[in-house]
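Asks: First residue of the sequence shown? That's 960 in the numbering used here, and the numbers climb one at a time after it.
Got a structure here, written out as structure tokens. Questions coming.
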Amino acid sequence: MAVDLQTALDMGMSEAQLAEVRELGEEAAWSLSTAKTGFPVDHLRDGSTETYWQSDGPQPHLVNIQFPKKMAITHLALHVDYRHDESYTPRTLSLRIGTNYHDLVELEVVELDQPAGWVVIPLRTAAAAARAARRAEALENGEEPDDDDAADLDAVVRTNFLQVAVVSNHQNGRDTHIRQMRVFGPKRSVALPGHIPHFGTVEMQQFAILR
């Protein structure tokens, strides 16, 4: 699904940054752990923030995104709205990668605090995350961080399978609402040093199947 400029701006991307990435979701098979009748997986991809997927079962609630081949993924974007969904709003997300359901490993845990709109999550390898932590520590200590232009080469996550697990909701809610979800990768077949796009103004921090 192509991302229009207004949606990109809402995500914190500039027009130039939008030109650097492509949305990968149409190349994947999407499946869910559960879905309440009338709130299916299609709602994650229908382009409307007025509709949503609603789970219907115990946590964690899973969105499975399976590609036919290994893909380079730079960002995951999801639209969630605490103002409307309250206790249905995800609080803790676990992002997992692998080749199939049986070998998934946790990439990172993301905590959301009453989000209202698009949340864009950069996906980084463990090595890239460690470098970022060291760089932040150096800056905090008033030191000059080591610059390694080649470091971006291993910063991109490459995987066949991305699983988004809603581990907990706000207000200890049980079922969850997610209104939209997008997966981005570089337009280049290989990410070049310094060319992994950074979105600028983003808040950071039994299967139904869609193909």
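Glycine is no exception: its CB is placed at the ideal position from the N, C-alpha and C atoms.
Exposed or buried, Q1122, counting other C-beta atoms within 10 Å across all chains shown (16 or more means buried)?
Replies: Q1122 is buried by the Cβ-count criterion.
Asks: Of the choices E1065, Q1139, P1074, A1075, whose alpha-carbon is the least far from that of R1083?
Replies: The residue with the shortest Cα to Cα distance from R1083 is E1065.
Asks: Quick one: using the 10 Å Cβ neighbour count with 16 as the cut-off for buried, is R1138 buried or exposed?
Replies: Answer is buried; the Cβ neighbour count reaches 16.
Asks: For G984, does the three-state DSSP call read helix, strand or coil?
Replies: If DSSP states are grouped into helix, strand and coil, G984 belongs with the helices.
Asks: In three-state terms, what does DSSP make of T1118?
Replies: Strand, per DSSP.
Asks: When we look at the beta-carbon of T1058 and count the other beta-carbons within 10 Å, is it buried (16 or more) or exposed?
Replies: Looking at its Cβ environment, which holds fewer than 16 other Cβ atoms inside 10 Å, T1058 is exposed.
Asks: Secondary structure at E1070, three-state DSSP: helix, strand or coil?
Replies: Here E1070 sits in strand by DSSP.
Asks: In or out: P1017 buried (at least 16 other Cβ within 10 Å) or exposed?
Replies: That one is exposed.
Asks: Using DSSP bridges, identify the partner residues of Q1139.
Replies: Paired residue(s): H1038.
Asks: Check whether the stretch 1127-1136 touches the stretch 1013-1032, taking contact to mean three or more Cβ pairs, one atom from each stretch, closer than 8 Å.
Replies: Yes, they touch.
Asks: Based on DSSP bridge pairs, tell me the residues matched to V1123.
Replies: BP columns for V1123 point to V1022, L1054.
Asks: From which residue to which residue does the beta strand (DSSP E) around A994 run?
Replies: From DSSP, A994 is part of no beta strand (DSSP E); its letter is neither H nor E.
Asks: DSSP puts M1030 in a beta bridge; with which residues?
Replies: BP columns for M1030 point to T1118.
Asks: Just to confirm the assignment, what range does the beta strand (DSSP E) spanning P1081 have?
Replies: It spans 1075-1081 - the beta strand (DSSP E) in which P1081 sits, taken as one unbroken run.
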